[in-house]
Amino acid sequence: MSATHFQLDPQGRLLHFLTIEGLTRRHLTDILDTAESLHGVAERRVKKLPTLHGKTVVNLFFEASTRTRTTFELAAKRLSADVLTLNIATSSAVKGESLLDTLRNIEAMQCDMFVVRHEQSGAAEFIARHVKPHIAVLNAGDGRHAHPTQAMLDVFTIRRHKPDFAHLQVAIVGDILHSRVARSLIHALNILGAGEIRVVAPRTLLPAQVENLGVRVFHCPDDGLRDVDVIVMLRLQKERMEGALLPSEPEFFQRYGLTEERLTLAKPDVLVMHPGPINRGVEIDSRVADGPRSVILEQVTNGIAVRMAIMSITLGNHARPAGEAV
Amino acid sequence: MHILIQGGRVIDPAHQFDAVTDLYVAVGRVAGLGQPPAGFKAERVIDALGRIVCPGLIDLCARLREPGLEHKATIASETRAAAAAGITTLICPPDTDPVIDEPAVVELIRRRAEAAGYARVRALGALTHRLRGERLAEMAALKEAGCVGVSDGGRPITNARVLRRALEYAATFDLTVFLTPLDPELGSGLAHEGPVATRLGLSGIPAAAETGVIARDLELIRDIGVRAHFGRLSCARSVELVARAQAEGLPVTADVAVHHLHLTENDLVGFDSRCHVRPPFRGVRDRDALRAGLASGALSVLCSDHQPHEPDAKQAPFGDTEPGVSGLDTLLALGLRLVRDGSLPLPTLLERLTAGPARILGLDQGHLGIGAPADLCVFAPDADWLAATLRSRGQNSPFIGWELPGRVTHTLLEGQIVYEA
Chain B
5 MSATHFQLDP QGRLLHFLTI EGLTRRHLTD ILDTAESLHG VAERRVKKLP TLHGKTVVNL
65 FFEASTRTRT TFELAAKRLS ADVLTLNIAT SSAVKGESLL DTLRNIEAMQ CDMFVVRHEQ
125 SGAAEFIARH VKPHIAVLNA GDGRHAHPTQ AMLDVFTIRR HKPDFAHLQV AIVGDILHSR
185 VARSLIHALN ILGAGEIRVV APRTLLPAQV ENLGVRVFHC PDDGLRDVDV IVMLRLQKER
245 MEGALLPSEP EFFQRYGLTE ERLTLAKPDV LVMHPGPINR GVEIDSRVAD GPRSVILEQV
305 TNGIAVRMAI MSITLGNHAR PAGEAV
Chain C
2 MHILIQGGRV IDPAHQFDAV TDLYVAVGRV AGLGQPPAGF KAERVIDALG RIVCPGLIDL
62 CARLREPGLE HKATIASETR AAAAAGITTL ICPPDTDPVI DEPAVVELIR RRAEAAGYAR
122 VRALGALTHR LRGERLAEMA ALKEAGCVGV SDGGRPITNA RVLRRALEYA ATFDLTVFLT
182 PLDPELGSGL AHEGPVATRL GLSGIPAAAE TGVIARDLEL IRDIGVRAHF GRLSCARSVE
242 LVARAQAEGL PVTADVAVHH LHLTENDLVG FDSRCHVRPP FRGVRDRDAL RAGLASGALS
302 VLCSDHQPHE PDAKQAPFGD TEPGVSGLDT LLALGLRLVR DGSLPLPTLL ERLTAGPARI
362 LGLDQGHLGI GAPADLCVFA PDADWLAATL RSRGQNSPFI GWELPGRVTH TLLEGQIVYE
422 A
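Below is the structure:
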């Protein structure tokens, strides 16, 4: 059984949130609509809802993260859950404890939800398959495979500005090969019926037969960025130079970096997005990152509402006995 | 002990013999076919009606995990599983701990196998000291100690100068060289580079990680004239390269692991760590080319590539698991499944499991000529069984839960019944 079906109950409701692949448009629009209704909570004087009162959410971060971890923490707290964050990269995993042993121990603390980030593709699904059935698992990034909550906050941000997806042209630029963000976003945009999804990168940063994911491939940004509605820049890791995937940061910036000049190729109302953290002067010019077309900080804010939505939907489905109508 | 195996379909691929007849075993040897030798008095009669009687299988690549990794399996545990699967000879690659690069290790393996008494275990010696690819191993001494060939032990020699000298030195002592072509750098990924790896976000191993090494090695083999065997091919293009070299008269052979004839990259969906193997499962076209290569003889051996693991080795996210399949239990059955699918005729399958490997190893086994060691396998070809638990200590098999054809009923090792269902 694949993750696609594994994260759903027999009625097709989300029990875990592991990957976008295989979900329906209905699943995604439910999340987006719920997120929209939760979006106002942050503006209230008391920024809390009682939805997850009495529930315990554990953030299991086997890989370092600041923004994803903190927005998950905030999302859980705004839903009144108790939150525990474990940075396992620096604790027991180092002492040689196996992933399953770590899981069993945390499970014994009677938690209701695991938010997992791990450097290995498939780790979130592995954990979901091995935890007790009452626990919901949310994937906060597994290797190169998926980062589904990021994809949801990306499409949420796009929808708030450009609700008509049918004519939407989106360019994803940079290190597609190593990017879980790109994979999940491509699935989400395809499911929501986006007009055209482009990937723009040199061949060393594209995975084999990437066009099978439902994208158009461009090697040159001058073609790839033309008339697009959204540009998603991906973070370029410094390790890529050592892996002989790229010659240097300056050469990458010169050929693929998003500058004000390149930005003019896109539609005038283009949205500039980035999952963060950004490398100024490597994949994006500061003037663009901080400029009027950038919605990068809005993405961060939206991440809280979207994660609140996903947490309440999955835990809500766990609370309901199987077979009961939605 | 005189044993009569009565009324079975006797298939001896080495002699192109295939008929329903009686087989007579006396003092550990094949003593007669069709009619009893003089003075034969059966002390034991095995009714083989409706069954196949063939030479005991020779598994060209089986890791028994001893010495060094006894928490995974032992020579005793795995030879016992082999006997129940109709396998009477196992070839053990040199990547044990310590490495098989000195006669003492060969001797240890031989003794442990003899003490267990279920199957013959023959060792491949190391090509280089500690399999490090730097200095030559003492190949002449290894040959004298009983090694049936020398091998890179799954760690291809990247330094072409060292490889060339290792091949020359092996040729000097008339040793066959067993190579596993997979470039450690280009092949450092987790899955076949293709649409499935892209979707799952697993790092890719391109076909060129295998074909590039084969192409280089073939040029060295052509220069030196050493007998060489490529183990565990996974790509269509590799079969082509080997077949072309054979057509040119190069002394080159190759094998395939039986799981590569059944599974493809598509079986990785769901991150099933039991499908984590090296080389990786590739595309459907590759699988079909491997099947065709086995039928045509470009691939002259079918092996299990047995790699038993303890449960923990596979209980982790895909990339953190150890590669390999526990393959002894299912070698014959998965082969018979190919026969049932029409991929190749039964005698051809049995040839690839008996006479084929014996020829490459230079062993007087794998045939039923009068006087040959009575290593025999008797099986019911139409008896299906459910692969639930394996007899190997390693339960790491993607075929658990499969309904498989062919149940072994008797295995004889040098005329002794070592397994009886």
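So the sequence lines, in the order shown, correspond to chains B and C. For what it's worth, my numbering labels the leading residue of the first sequence as 5, then goes sequentially. For what it's worth, my numbering labels the leading residue of the second sequence as 2, then goes sequentially. Built from N, CA and C at the ideal position, the CB exists for glycine as well.
Margin query: What are the residues in the region 144-160 of chain B lying within 9 Å of chain C by C-beta distance?
Written below: Asp-146, Gly-147, Arg-148, His-149, Ala-150
Next item on the list: Measure the Cβ-Cβ separation of B:Thr-305 and B:Ala-46 and say whether it is below 9 Å.
Entry: yes
Notebook entry, point to check: What is the DSSP secondary structure of C:His-193, counted as helix, strand or coil?
Noted result: strand
Next item on the list: Starting from C:Gln-316, find everything on chain B with Cβ-Cβ shorter than 9 Å and list it in chain order.
Entry: Ser-102, Leu-103, Leu-104, Phe-130, His-134
Next item on the list: Kindly give me the distance between the Cβ atoms of B:Arg-202 and B:Gly-228, rounded to whole angstroms, as I take these residues to be in contact under 8 Å.
Entry: 5 Å
Notebook entry, point to check: Given that B:Asn-216 touches chain C, what residues does it touch there, using C-beta distances under 8 Å?
Noted result: Pro-196, Thr-199, Arg-200
Note to self: Could you tell me the alpha carbon to alpha carbon distance between C:Gly-232 and C:Cys-304, rounded to whole angstroms?
What the structure shows: 9 Å
Next item on the list: May I ask which residues mark the beginning and end of the beta strand (DSSP E) holding C:Tyr-420?
Entry: 417-421
Note to self: If the criterion is Cβ atoms closer than 9 Å, does the pair C:Val-379 and C:Arg-52 meet it?
What the structure shows: yes
Check: Does the distance from the C-beta atom of C:Pro-358 to that of C:Val-302 stay below 9 Å?
Finding: yes
Item checked: Unbroken stretches of the alpha helix (DSSP H), 4 residues or longer, contained in the region 338-376 of chain C -> 347-354, 356-362
Next item on the list: Rounded to whole angstroms, what's the CA-CA distance from C:Ala-43 to C:Val-21? Just pull it up for me.
Entry: 19 Å
Notebook entry, point to check: To which residues of the same chain is B:Phe-222 closer than 6 Å at the C-beta, ignoring the five residues directly before and after it?
Noted result: Arg-202, Val-204, Gly-228
Margin query: Quick test of your reading: C:Leu-70 and C:Pro-95, contact by CB under 8 Å. State the CB separation rounded to the nearest angstrom.
Written below: 14 Å between Cβ atoms; not a contact.
Next item on the list: Consider the Cβ of C:Asp-365: report whether some Cβ of chain A lies at a distance smaller than 9 Å.
Entry: Within the model displayed, chain A is absent; protein chains B and C are what it includes.
Notebook entry, point to check: What are the residues that DSSP puts in a beta bridge with C:Asp-102?
Noted result: Per DSSP, none; premise fails for C:Asp-102.
Notebook entry, point to check: Are any of the Cβ atoms in chain B nearer than 9 Å to that of C:Asp-313?
Noted result: yes
Notebook entry, point to check: Between which two residues does the beta strand (DSSP E) containing C:His-3 stretch?
Noted result: 3-13
Margin query: I'd like to know whether the C-beta atoms of B:Leu-295 and B:Leu-267 end up nearer to each other than 9 Å.
Written below: It should be pointed out that residue 295 of chain B corresponds to Gly in this sequence rather than to Leu. Yes.
Notebook entry, point to check: Should the region 237-245 of chain C be regarded as contacting the region 190-197 of chain C, the criterion being three or more beta carbon pairs within less than 8 Å?
Noted result: no
Checklist line | Cut-off 6 Å between Cβ atoms - residues of its own chain near C:Val-85, not counting five sequence neighbours on either side | finding: Residue identity check: residue 85 of chain C is Ala in the sequence provided, not Val. Once the five neighbours on either side are set aside, the close Cβ partners of C:Ala-85 are Arg-392, Tyr-420.
Item checked: Three-state class that DSSP yields for C:Pro-56 in the structure shown -> strand
Next item on the list: Report back the beta-carbon spacing between B:Ile-131 and B:Met-117 to the nearest angstrom; my notes put them in contact at under 8 Å.
Entry: Not confirmed; about 12 Å, so no contact.
Margin query: Restricting to Cα atoms, I'd like to know which of C:Lys-315, C:Asp-19, C:Val-26 is closest to C:Leu-377.
Written below: C:Val-26
Item checked: Simplified DSSP state of B:Ile-3, which is helix, strand or coil -> Because chain B spans 5 through 330 in this model, residue 3 of chain B falls outside it and cannot be assessed.
Next item on the list: Identify every run of the alpha helix (DSSP H) within the region 125-205 of chain B, keeping only runs that are complete inside it and at least 4 residues long; order them along the chain.
Entry: 127-134, 152-165, 184-195
Next item on the list: Would you mind working out which of C:Val-122, C:Ala-334, C:Arg-111, C:Pro-99 sits nearest C:Glu-404, comparing C-alpha positions?
Entry: C:Ala-334
Notebook entry, point to check: What is the DSSP secondary structure of C:Phe-231, counted as helix, strand or coil?
Noted result: strand
Next item on the list: Grab the span of the beta strand (DSSP E) containing C:Leu-413 for me, first residue to last.
Entry: 408-414
Checklist line | Bridge-paired residues (DSSP) for C:Gly-328 | finding: Paired residues: none, contrary to the question.
Notebook entry, point to check: Does the beta-carbon of C:Lys-144 have 16 or more other beta-carbons within 10 angstroms, so that it is buried, or is it exposed?
Noted result: buried
Checklist line | Start-to-end residues for the beta strand (DSSP E) that takes in B:Leu-275 | finding: 275-277
Next item on the list: Within its chain, find whatever has a CB closer than 6 Å to the CB of B:Glu-200; leave out the 5 residues flanking it on each side and keep chain order.
Entry: Gln-173
Checklist line | Unbroken alpha helix (DSSP H) run spanning B:Ile-110, endpoints | finding: 103-111
Margin query: Taking the beta carbon of C:Thr-390 as the centre, do at least 16 other beta carbons fall within 10 Å, making it buried, or is it exposed?
Written below: exposed
Margin query: Can you tell me whether C:Phe-319 is buried or exposed? The criterion is at least 16 other CB atoms within 10 Å of its CB, across all chains shown.
Written below: buried
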